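Undergrad:
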Amino acid sequence: MSPGPTPALSALRTPQAKCLTVGGRADGGFLQYVQLLNPRNSMSITNTKGLLNMPGQNNCFLNSAVQVLWHLDIFRRSFRELNGHACMEDSCIFCALKELFAQFQYSQESALPPDALRRALAETFCDQRRFQLGFMDDAAECFENILMRIHFHIANNESEDMCSAAHCIPHQKFAMTLVEQTVCHACGATSEPLPFTQMVHYVPSSALCSQAKLMKEKNEPLPNFSELLKRAGGLGDLRDCPSSCGAVIQIRKTLMNRPEIVSVGLVWDSERNH
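First residue of the sequence shown: 14, per my numbering; consecutive thereafter.
(1) For residue 88, which residues of its own chain have a beta-carbon under 6 Å away from its beta-carbon, when the five flanking residues on both sides are left out?
(2) Any idea which residues DSSP pairs residue 124 with across the strands?
(3) Would the segment 183–193 count as touching the segment 263–278 if we require 3 or more Cβ pairs under 8 Å?
(4) Counting along the chain, where does the alpha helix (DSSP H) carrying residue 253 start and finish?
(5) When DSSP labels each residue in this structure, what does residue 68 get in the three-state scheme?
(6) Under the assumption that residue 277 contacts residue 242 (Cβ atoms under 8 Å), give the Cβ distance between them as a whole number of angstroms.
(7) For the beta strand (DSSP E) containing residue 261, name the first residue and the last one.
(8) So residue 207 is in the beta strand (DSSP E); what residue range does that whole segment cover?
(9) Leaving out five residues on either side along the sequence, give the residues of the same chain with a beta carbon under 8 Å from the beta carbon of residue 299.
(10) Let me check understanding here. Comparing Cα to Cα, which of 161, 119, 85, 146 lies closest to residue 68?
(11) Specify the secondary structure class of residue 49 as computed by DSSP and reduced to three states.
(12) So, helix, strand or coil for residue 239, using DSSP?
(13) With three or more C-beta pairs closer than 8 Å as the rule, is the segment 169–183 touching the segment 116–129?
(14) Could you pull the start and end residues of the beta strand (DSSP E) that residue 194 belongs to?
(15) So what's residue 278 in DSSP terms, helix, strand or just coil?
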């Protein structure tokens, strides 16, 4: 894996019923669960199962991604109902994830072999040299790519950016539709709106910490996590004025939909960030 920021994962179901966060470092440094469940909307699941990770296998990043998906009941139930798909045989991520979820539900073992999913990922992304056998990789990017491969398997006639298929779990449950635009505070010029879709919202952990520290120094009440994300998400995202007046302005990003699940990738700039 090339050196760089290390994302962690969080997934929040909005706005009520269940809020689940699962954080996982790509290097396997930690995996923790915090669950706030509404008993009427939850089902009995086993929290103690993980993926087998023998020396040299480096399955920790995959464990983090799979745990997020498994512990999101809205994904688990919707995925269980899907059957028809464009199968890729030995490199089919859809089939491999189905098999692994069946083991999570029915196996008595606490450590499950992820071999089929690991091989499917390695073969699928062989040309990109990502998620290869025996190598470490990023948990958040693995999570995101699994979602996009599920889209491919069940809605491959639809665009990744504008998928409207009712049965496409990634786009119906996870996709965030945003519009990016710059508005100059000096001359009033605006750029053309740029719509795009993302499955994971990446935020530097250092930006979150600096915003919280700044508010504490000003004796301001700390906002809820979503407001803190909003403040931290735009830090450093600067562009020149679209009419070249010389001003440097911050990009505005507007969320146009209300996804049922918001996935947040916390980017750790270095091992010193906590």
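By construction, the Cβ of each residue, glycine as well, lies at the ideal position given by its N, Cα and C atoms.
Small disclaimer: the values here were computed from a predicted structure and weren't measured.
TA: Here's the rundown:
(1) Here residue 88 corresponds to residue number 75 of the sequence shown, with the count starting at 1. Contacts found: 82.
(2) As a first step, residue 124 must be located in the sequence shown, where it is residue number 111. Partner(s): 63.
(3) yes
(4) Working through the sequence shown from its first residue, we reach residue 253 at position 240. That residue, residue 253, is in no alpha helix (DSSP H); its beta strand (DSSP E) goes 251–253.
(5) By 1-based counting over the sequence shown, the position of residue 68 is 55. Residue 68: coil per DSSP, three-state reduction.
(6) In the sequence shown, residue 277 corresponds to position 264, counting from 1. In the sequence shown, residue 242 corresponds to position 229, counting from 1. Right, the Cβ-Cβ distance comes to about 7 Å (below 8 Å), so this counts as a contact.
(7) As a working note, residue 261 is residue 248 in the sequence shown. 261–268 is the extent of the beta strand (DSSP E) around residue 261.
(8) Here residue 207 is taken as the residue at index 194 of the sequence shown, counted from 1. Note, residue 207: beta strand (DSSP E), 207–211.
(9) No statement about residue 299 is possible, as the shown extent of the chain runs from 14 to 287 and does not include it.
(10) Working through the sequence shown from its first residue, we reach residue 68 at position 55. The option with the nearest alpha carbon to residue 68 is 146.
(11) Translated into positions along the sequence shown, residue 49 becomes position 36. Unreliable positioning characterises residue 49 in this predicted model, as indicated by a pLDDT of 33, which lies under 50. A coordinate reading is not provided.
(12) For the purposes of this step, residue 239 is taken as the residue at position 226 of the sequence shown. Correct three-state label for residue 239: helix.
(13) no
(14) Within the sequence shown, residue 194 is the residue found at index 181, counting from 1. 189–195 is the span of the beta strand (DSSP E), which, as asked, contains residue 194.
(15) Counted from its first residue, the sequence shown places residue 278 at position 265. Residue 278: strand per DSSP, three-state reduction.
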